[in-house]
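Accompanying notes for the structure given below.
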Amino acid sequence: MSTLVIVGAQWGDEGKGKVVDAVAAQAQLVGRFAGGNNAGHTLVVGERRIVTHLVPSGCLYPGTRCVLGAGMVIDPEVLAAEIASLRGFGLLQRDELRVSLHAHVIFPFHRALDGLREDRAARGPQAIGTTRRGIGPAYEAKAARRGIQVRDLFDASNLRARLQHNAEVLQPELTRLGSGERIDVDALVDAAHAWAQWLAPMTCDAGALCAAAIRSGERVLLEGAQGALLDLDHGTYPYVTSSNTTAGGACTGMGIGPTVIDAVWGISKAYATRVGAGPFPTKLDDAVGERLRQLGGEFGATTGRPRDCGWLDLPALRYGARLSGMTGLCITKLDVLAALGQASVCVAYADGSDPGRDGLTAARPVLQQVPGFDDPQLAGRLATARTWADLPRAARAYLDLVSETVEVPIALVSLGASRDQTIFVDEPFRSRR
Ligand code: IMP
Numbered sequence: 014m015s016t017l018v019i020v021g022a023q024w025g026d027e028g029k030g031k032v033v034d035a036v037a038a039q040a041q042l043v044g045r046f047a048g049g050n051n052a053g054h055t056l057v058v059g060e061r062r063i064v065t066h067l068v069p070s071g072c073l074y075p076g077t078r079c080v081l082g083a084g085m086v087i088d089p090e091v092l093a094a095e096i097a098s099l100r101g102f103g104l105l106q107r108d109e110l111r112v113s114l115h116a117h118v119i120f121p122f123h124r125a126l127d128g129l130r131e132d133r134a135a136r137g138p139q140a141i142g143t144t145r146r147g148i149g150p151a152y153e154a155k156a157a158r159r160g161i162q163v164r165d166l167f168d169a170s171n172l173r174a175r176l177q178h179n180a181e182v183l184q185p186e187l188t189r190l191g192s193g194e195r196i197d198v199d200a201l202v203d204a205a206h207a208w209a210q211w212l213a214p215m216t217c218d219a220g221a222l223c224a225a226a227i228r229s230g231e232r233v234l235l236e237g238a239q240g241a242l243l244d245l246d247h248g249t250y251p252y253v254t255s256s257n258t259t260a261g262g263a264c265t266g267m268g269i270g271p272t273v274i275d276a277v278w279g280i281s282k283a284y285a286t287r288v289g290a291g292p293f294p295t296k297l298d299d300a301v302g303e304r305l306r307q308l309g310g311e312f313g314a315t316t317g318r319p320r321d322c323g324w325l326d327l328p329a330l331r332y333g334a335r336l337s338g339m340t341g342l343c344i345t346k347l348d349v350l351a352a353l354g355q356a357s358v359c360v361a362y363a364d365g366s367d368p369g370r371d372g373l374t375a376a377r378p379v380l381q382q383v384p385g386f387d388d389p390q391l392a393g394r395l396a397t398a399r400t401w402a403d404l405p406r407a408a409r410a411y412l413d414l415v416s417e418t419v420e421v422p423i424a425l426v427s428l429g430a431s432r433d434q435t436i437f438v439d440e441p442f443r444s445r446r
């Protein structure tokens, strides 16, 4: 038996979709444990470019079960569209998708509130730069114990009462923020009834499903969303998402115990990006940053927003590795960094600030140039590398520096969007218990 958790180690957008897809080839069950359609995976399979926001990348393998866990917030309209799109690609034909009865539902009023709050905050210090998908308001409702779980969709009278309660709490704020619309409880009950029809055969106790799979010796892959520094408790608060993005979230979000997890892989780009507001010590506000953005295609899969780009921040990565107890590091987009013609890396903060203790607001990066990344041949040589030994010496030295500083071995290196541009340095499913 073997259970692997995969999480983002930076601010999200690390290429989890591609890594999960590569690892899912060996898994029988792939679960997602947090977040909602604030996430977006772009998967490149041959000529096909498939974008998913809720369904884990395991959906590309017919027969692999995909589970949306209790820790998620699910917008049924988005899920319906995603299922239809995946079925259009000939995927999810065999009933592979399951949805936790305990996951929370995003309603249109959550989306409206998220957008209106962001509009009001605009570019001021209160703006988080959310994805406006209703994520924060849905988790807020969950914590306030007025959230609506998937299982509530099947009990119309209870649902009506809960929606009524939410309308009473939220309508005044919506109106104050300028919304001319009233929360129409009757219309929402009708919509929920329709969602319940197609959701019913997919619903499950995700924790029980996962535990049974683990017990019967299946390989289980649990996929997080966003990244360590966006974790609600440990990230750059308040510039974070509203869920636990670190590996502990896999337990609470799926309903399993920490003792069944064998390994945790953290994913980091060979450089860094961030979208939305909040501290980003190694951000490049210049032509180099712009070139990195263009080379890496650093525009959000969910919102299309341009991402800020900067050098890899090793103290922050080390912090993320500790938060998730990482046993392996996956480095993505090394080809992009190699194509830039130069590279630096942050090895420490000048003021000695500590990400856990001081946050990153005041951190001043100490940068080191990465030797060999000015070689115009480097990117070309990376493009054809298929094993660790194929990697040019400069690339190996960079990966060694990252691994030694973060104190986590390299597990995987990704050198491009396609499946064959992946080097497995470690095996994903190896029981360590
Ligand atoms: P929310 O999750 O939409 O509430 O957004 C909160 C913060 O997390 C914002 O800074 C977003 O840009 C960021 N965020 C949320 N999801 C992602 C993601 O998948 N990738 C990168 N940033 C994200």
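Just so we're aligned, residue 14 is where the sequence shown starts under the working numbering, counting upward by one.
For glycine and all other residues, C-beta sits at the position ideal for the given N, C-alpha and C.
Reduced DSSP secondary structure (H/G/I, E/B, other) of His247:
coil
How far does the alpha helix (DSSP H) with Ala200 in it reach, from first residue to last?
According to the DSSP assignment, Ala200 belongs to the alpha helix (DSSP H) that extends over Val198 to Leu212.
Does the beta-carbon of Trp211, which I'm using as the reference point, lie nearer than 7 Å to any heavy atom of ligand 1?
Checking every heavy atom of ligand 1 against the Cβ of Trp211, none is found closer than 7 Å.
Option nearest Ala408 by Cα separation, candidates Ala351, Pro368, Asp371 and Glu420:
Ala351
Is the separation between the beta-carbon of Ala356 and that of Phe386 shorter than 8 Å?
yes
Taking 7 Å as the cut-off, is the CB of Val64 close to at least one heavy atom of ligand 1?
For Val64, the CB stays at least 7 Å from every heavy atom of ligand 1.
Rounded straight-line distance, which links the Cα of Pro138 to that of Ala396
42 Å
Residue of Leu412, Ala430 and Lys29 minimising C-alpha distance to Val58:
Ala430
For ligand 1, is there any heavy atom lying closer than 7 Å to the beta carbon of Asn257?
no
Proximal residues to Ser470 (C-beta, below 8 Å), its chain only, five neighbours per side dropped
The structure shown does not extend to residue 470, since the chain spans only 14 to 446, so no value can be given for it.
Mind checking which residues open and close the alpha helix (DSSP H) that includes Lys155?
Ile148 to Ala156
Does the distance from the CB of Val202 to the CB of Ile161 come in under 8 Å?
no
Test item: CB-CB of Ala22 and Gly261 under 8 Å:
Taking 8 Å as the cut-off, the beta carbon of Ala22 is found no closer than this to the beta carbon of Gly261.
Relative to the alpha-carbon of Asp88, which residue among Arg370, Glu60, Tyr152 and Phe120 has its alpha-carbon at the smallest distance?
Phe120
For Phe442, name the three-state secondary structure that DSSP assigns.
Note: Phe442 maps to coil in three-state DSSP.
Does the Cβ of Trp211 have 16 or more other Cβ atoms within 10 Å, making it buried, or fewer, making it exposed?
Burial is judged here by how many other beta carbons sit within 10 angstroms of a residue's own beta carbon; Trp211 has fewer than 16 and is exposed.
Can you tell me whether Asn179 sits near ligand 1, meaning its C-beta is under 7 Å from at least one heavy atom of the ligand?
No.
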